[in-house]
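Engineer:
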Amino acid sequence: MKRTKKTTPKLTTFFFFSLVIGMLLGAFHSSSAQHLIATYTTSAPEATMFFLNPGYLNPAFGSGALGMHSNPAGLNIVESNRLSVAFGTSQSSTADFSYQAVDESDVYDPIQFDTQLQIKETGGLGAVGFAHRKDDWVFGIALMQARKGGFSFAAQGEIDVTTRFSIDAPITRRLVGDLPVDEIPMTWDVNTIGAVRLWSKPAEVSVAILPIMGGFSYEKGRLSLGAGLTYFGLKSNDDVGEINSEISFGGTALGRPQGTDPISGERWRGSVRADLDIVDQPFTARYGIDLKGHWFALSFGGMINYKLLSIGATYTHGFKGTVKGGYNLMTITTSDIPEDELLANVNLDLSLSPEIQGYGSLVLRDFTKDTLTSQESGTFKIGGYNSFSFGAHFLIFGAFASVDIPTSYPDIYSGSFGLYTEFPIPNLPVRFNTGIIIRSDGIVDGSKALLPLRNVAHLGGGLAFKVPVHEWLSIGSSHSWLRLGIRSSLTSFIIDAAESNSEDTTSKSTPKLSSAAFSFGLTVPF
1 MKRTKKTTPK LTTFFFFSLV IGMLLGAFHS SSAQHLIATY TTSAPEATMF
51 FLNPGYLNPA FGSGALGMHS NPAGLNIVES NRLSVAFGTS QSSTADFSYQ
101 AVDESDVYDP IQFDTQLQIK ETGGLGAVGF AHRKDDWVFG IALMQARKGG
151 FSFAAQGEID VTTRFSIDAP ITRRLVGDLP VDEIPMTWDV NTIGAVRLWS
201 KPAEVSVAIL PIMGGFSYEK GRLSLGAGLT YFGLKSNDDV GEINSEISFG
251 GTALGRPQGT DPISGERWRG SVRADLDIVD QPFTARYGID LKGHWFALSF
301 GGMINYKLLS IGATYTHGFK GTVKGGYNLM TITTSDIPED ELLANVNLDL
351 SLSPEIQGYG SLVLRDFTKD TLTSQESGTF KIGGYNSFSF GAHFLIFGAF
401 ASVDIPTSYP DIYSGSFGLY TEFPIPNLPV RFNTGIIIRS DGIVDGSKAL
451 LPLRNVAHLG GGLAFKVPVH EWLSIGSSHS WLRLGIRSSL TSFIIDAAES
501 NSEDTTSKST PKLSSAAFSF GLTVPF
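Following this note's numbering, the numbering of the sequence shown begins with 1 at its first residue and continues without gaps.
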């Protein structure tokens, strides 16, 4: 028997589900062998760029084509032609937890899966851009790595689970032909241990948003103004994942007769033993997503430069767009015992009635299920948004913040904040920076609730070296900048630190190197 609960939430519920699962998996610690491997994957192109050159993200700091996304007025720094590229390595961290997939019910004790949680940040090309000056005007184009968020699961192995319950199943004349009464009420006590077998069809469920921007700036004295148009392409993978479980129990159940024998008027006595045969699928999950969409945004920015202080601001209007496709998420869990006929092969000794003795089989299949389904498909409208960015750079310190505010719902939102210091190293053609950047991307649903898709926070630093590429290649007259950065996702750092200190603080007090990622960049004027 199945009890079904069906919901049709907003498009974004599936995205939120990925974050919730990630949080649940981190609720309890365990050191057992793994039954579930859960992977949460993100990208962080902003962090790749930030620790190469914080000015890429600060609206107050002109940084050429790669800075257009924060302020197109920043193109004013380009003197002739400039090509800029940024690369980042990937990073990851793992931690072992226990995840309670099935709560305590009338059938089972809680079922916990020993789980390995992996947090991965993809690397690759962080950004590439080109800018060209024509008199007081500078034109540029830039592509940034897609902003990605997603998860995947893999299940394997077996788990011991205990079941304890009592079930009322009478012995009837259909089971025992010579029964002197219509039925004997029986209560069967089940207390046994079985094994849950897990298997899965792994699939990654992810959404990526790719920004491509073109823009221009105009410079007059200390004031620079700029504008740009950005194309955003949204795409998910179309994999369908599945996690299955099967449980089997053996052993013996003891049946106790209830009530009074209508022939003798005495209470029933004795007991009946039954061989157990229990098979069930206590937990099943199926999930999939297939989305594609696009929209455009128009940006206007301004920047004022003084000797010691620069101030910049950007306004962006995101136009309405569309997303086509759909998603499906279904979980099925056991909630109660079967209601069908349970007894078979019953053999009774009635010679001492109202005392009975005997044996039989207790067969349990077709357990009562709770099914939760979340699904939606079609064409979804993205309502548009307004974005505001502000930044300042004073002496060797800089700070900036930005927020995207939807004009209607549902729609994309984002917010970011950065704080840094940057300064030249005396007597060397080298600049140093260090700082922190935090960013959140997600969707505001129809009820104006925030549904996070990607949350990243990074701490790190970088070095920039002047290199005479113009002399080596005989192009241009200005030095190029070779940039190196190192960063750590704070989430990965915390997980690695906790894991390293939990077992042996004397030899594992330093987080693993996998929690750090490196950035490489090159800016070539010509």
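The C-beta atom is built at its ideal place from N, Cα and C for all residues, glycine as well.
Predicted, not measured: the structure shown is a model, and the values here were computed from it.
1) In the DSSP assignment, find the alpha helix (DSSP H) that holds His470 and state where it starts and stops.
2) For Asn237 and Ile486, I'd like the C-alpha separation in whole angstroms.
3) Measuring CA to CA, which of Leu372, Ile212, Ile243 and Glu266 is closest to Gly140?
4) From Arg286, Gly215 and Asp178, pick the residue whose C-alpha is nearest to that of Lys201; which is it?
5) Span of the alpha helix (DSSP H) holding Thr48?
6) Can you give me the start and stop residues for the beta strand (DSSP E) that Asp349 sits inside?
7) Enumerated in chain order, which unbroken segments of the alpha helix (DSSP H) with a length of 4 residues or greater are wholly contained in the stretch 396 to 451?
8) Using the Cβ count rule (16 or more neighbours within 10 Å means buried), how would you classify Glu266?
9) Rank Pro354, Asn328, Asp370 and Gly358 by C-alpha distance to the C-alpha of Ile337 and give the top, closest one.
10) Following the continuous beta strand (DSSP E) through Val524, name the residue where it begins and the one where it ends.
11) Kindly provide the ranges of any beta strand (DSSP E) runs that are 3 or more residues long and lie completely inside the stretch 193 to 263, ordered along the chain.
12) Count the other CB atoms, across all protein chains shown, that sit within 10 Å of the CB of Trp188; report buried if there are 16 or more and exposed otherwise.
13) Compare the Cα-Cα distances from Trp481 to each of Lys466, Ser361 and Ile475 and report the closest residue.
14) Assuming Lys320 and Gly383 are in contact, meaning their beta carbons sit under 8 Å apart, how far apart are those beta carbons, in whole angstroms?
15) Just how far apart, CA to CA, sit Gly325 and Gly476?
16) Only counting runs of 3 or more residues, tell me where the beta strand (DSSP E) segments fall wholly within the stretch 96 to 175, in order along the chain.
17) Verify whether the separation of the beta carbon atoms of Gly358 and Leu342 is less than 8 Å.
18) Along the chain, which unbroken stretches of the beta strand (DSSP E) at least 3 residues long are found entirely within the stretch 264 to 308?
19) Would Ala392 and Val430 qualify as a contact pair, given that the criterion is a beta-carbon distance under 8 Å?
20) Could you tell me if Glu471 is buried or exposed, where buried requires 16 or more neighbouring beta carbons within 10 angstroms of its beta carbon?
21) For the beta strand (DSSP E) containing Leu482, name the first residue and the last one.
22) Candidates Pro406, Asn386 and Met330: which alpha carbon is nearest Ser374's?
23) Identify, in the order they occur along the chain, each residue of the same chain with its Cβ nearer than 8 Å to the Cβ of Ile405, setting aside the five sequence neighbours on each side.
24) Helix or strand or just coil, what does DSSP make of Gly74?
25) In whole angstroms, give me the CA-to-CA distance for Leu484 and Ser92.
26) Starting from Tyr56 and walking both ways along the beta strand (DSSP E), at which residues does that stretch end?
27) Our contact map puts Gly442 next to Leu450 with C-beta atoms below 8 Å; I'd like the distance itself, whole angstroms only.
28) Have a look at His317 and His479 and give me their C-alpha separation to the nearest angstrom.
29) With contact counted as at least three CB pairs below 8 Å, one residue from each stretch, are the stretch 174 to 188 and the stretch 63 to 70 in contact?
30) Would you call the stretch 274 to 285 and the stretch 238 to 253 in contact, with 3 or more CB pairs under 8 Å?
31) Helix, strand or coil for Gly326 per DSSP?
32) Between the alpha carbons of Ile37 and Leu225, how many angstroms are there, rounded?
33) Buried or exposed, going by whether 16 or more other CB atoms sit within 10 Å of the CB of Ile171?
34) Sorted by chain position, which residues of the same chain lie with C-beta nearer than 6 Å to Ala457's C-beta, five sequence neighbours on each side aside?
35) Over the uninterrupted beta strand (DSSP E) stretch that includes Thr373, give me the two end residues.
36) Closest by CA to Lys220, which one among Met303, Tyr315 and Phe232?
Structural biologist: To lay it out plainly:
1) One-based indexing of the sequence shown puts residue 470 at position 470. Annotation: the continuous alpha helix (DSSP H) that includes His470 extends over Val469 to Leu473.
2) If you number the sequence shown from 1, residue 237 lands on position 237. If you number the sequence shown from 1, residue 486 lands on position 486. The straight-line gap separating the alpha-carbon atoms of Asn237 and Ile486 is approximately 30 Å.
3) The residue labelled residue 140 in the question sits at position 140 within the sequence shown. Ranking Leu372, Ile212, Ile243 and Glu266 by Cα distance to Gly140 puts Ile212 first.
4) Against the sequence shown, residue 201 aligns to sequence position 201. Ranked by Cα distance from Lys201, the options Arg286, Gly215 and Asp178 are led by Arg286.
5) Here the question's residue 48 lines up with position 48 in the sequence shown. In the DSSP assignment, Thr48 falls within the alpha helix (DSSP H) that extends over Pro45 to Phe50.
6) As a working note, residue 349 is residue 349 in the sequence shown. Looking at the DSSP string, the run of the beta strand (DSSP E) that includes Asp349 is Leu343 to Asp349.
7) With a minimum length of 4 residues, no continuous alpha helix (DSSP H) run stays inside the stretch 396 to 451.
8) Mapped onto the sequence shown, residue 266 falls at position 266. By the C-beta density criterion, Glu266 is exposed, having fewer than 16 other C-beta atoms within 10 angstroms.
9) By 1-based counting over the sequence shown, the position of residue 337 is 337. Distance from the Cα of Ile337 is smallest, within the candidate group Pro354, Asn328, Asp370 and Gly358, for Asp370.
10) Position 524 of the sequence shown, counted from the first residue, corresponds to residue 524. For Val524, the uninterrupted beta strand (DSSP E) run begins and ends at Ala516 to Pro525, by DSSP.
11) Fully enclosed beta strand (DSSP E) runs of 3 or longer: 203 to 220, 223 to 236, 240 to 249 and 252 to 257.
12) Within the sequence shown, the letter at position 188 stands for residue 188. Per the 10 Å Cβ criterion, buried.
13) Mapped onto the sequence shown, residue 481 falls at position 481. Of the candidates Lys466, Ser361 and Ile475, the one whose C-alpha sits nearest the C-alpha of Trp481 is Lys466.
14) On the sequence shown, position 320 is the one that residue 320 refers to. On the sequence shown, position 383 is the one that residue 383 refers to. So it is a contact: roughly 6 Å between Cβ atoms.
15) Taking the sequence shown and counting its residues from 1, the one referred to as residue 325 is at position 325. Taking the sequence shown and counting its residues from 1, the one referred to as residue 476 is at position 476. Straight through space, the alpha carbons of Gly476 and Gly325 are spaced by roughly 49 Å.
16) Runs found: 111 to 122, 124 to 134, 137 to 144, 147 to 155 and 157 to 168.
17) As a first step, residue 358 is located in the sequence shown; it is residue number 358 there, counting from the start. As a first step, residue 342 is located in the sequence shown; it is residue number 342 there, counting from the start. No, the Cβ-Cβ distance between Gly358 and Leu342 is not below 8 Å.
18) List check, beta strand (DSSP E) in window: 269 to 280 and 283 to 305.
19) The count along the sequence shown starts at 1 and reaches residue 392 at position 392. The count along the sequence shown starts at 1 and reaches residue 430 at position 430. Their beta carbons are not under 8 Å apart, which means Ala392 does not touch Val430 by this criterion.
20) One-based indexing of the sequence shown puts residue 471 at position 471. Exposed, because fewer than 16 other Cβ atoms sit within 10 Å of the Cβ of Glu471.
21) Numbered from 1 along the sequence shown, position 482 holds the residue referred to as residue 482. Leu482 -> beta strand (DSSP E) spans Ser480 to Ser489.
22) Within the sequence shown, the letter at position 374 stands for residue 374. For the set Pro406, Asn386 and Met330, the Cα lying nearest the Cα of Ser374 is the one of Met330.
23) As a first step, residue 405 is located in the sequence shown; it is residue number 405 there, counting from the start. Sequence-distant partners of Ile405 (beyond 5 residues in either direction) whose C-beta falls short of 8 Å from its own C-beta, in its chain, are Tyr385, Asn386, Ser387, Phe388 and Tyr413.
24) Within the sequence shown, the letter at position 74 stands for residue 74. Gly74: helix per DSSP, three-state reduction.
25) Looking up residue 484 in the sequence shown gives position 484. Looking up residue 92 in the sequence shown gives position 92. Each residue's alpha carbon lies about 20 Å from the other.
26) By 1-based counting over the sequence shown, the position of residue 56 is 56. No beta strand (DSSP E) holds Tyr56; DSSP gives it neither H nor E.
27) If you number the sequence shown from 1, residue 442 lands on position 442. If you number the sequence shown from 1, residue 450 lands on position 450. That pair is a contact at about 6 Å.
28) Along the sequence shown, one-based indexing puts residue 317 at 317. Along the sequence shown, one-based indexing puts residue 479 at 479. When rounded, the distance between both Cα atoms is 36 Å.
29) Contact between the stretch 174 to 188 and the stretch 63 to 70 is absent: fewer than 3 CB-CB pairs across the two stretches fall below 8 Å.
30) Cβ pair count under 8 Å is three or more, so yes.
31) Along the sequence shown, one-based indexing puts residue 326 at 326. Residue state, collapsed to three classes: strand.
32) Against the sequence shown, residue 37 aligns to sequence position 37. Against the sequence shown, residue 225 aligns to sequence position 225. Rounded to whole angstroms, Ile37 to Leu225 spans 50 Å at the Cα level.
33) Taking the sequence shown and counting its residues from 1, one reaches residue 171 at position 171. With 16 or more neighbouring CB atoms inside 10 Å of its own CB, Ile171 falls in the buried class.
34) Along the sequence shown, one-based indexing puts residue 457 at 457. Within the same chain, Ala457 has close Cβ partners Ile438 and Leu490.
35) As a first step, residue 373 is located in the sequence shown; it is residue number 373 there, counting from the start. Start and end: Thr368 to Ile382.
36) Translated into the one-based positions of the sequence shown, residue 220 becomes position 220. Across the set Met303, Tyr315 and Phe232, the C-alpha of Met303 shows the shortest separation from the C-alpha of Lys220.
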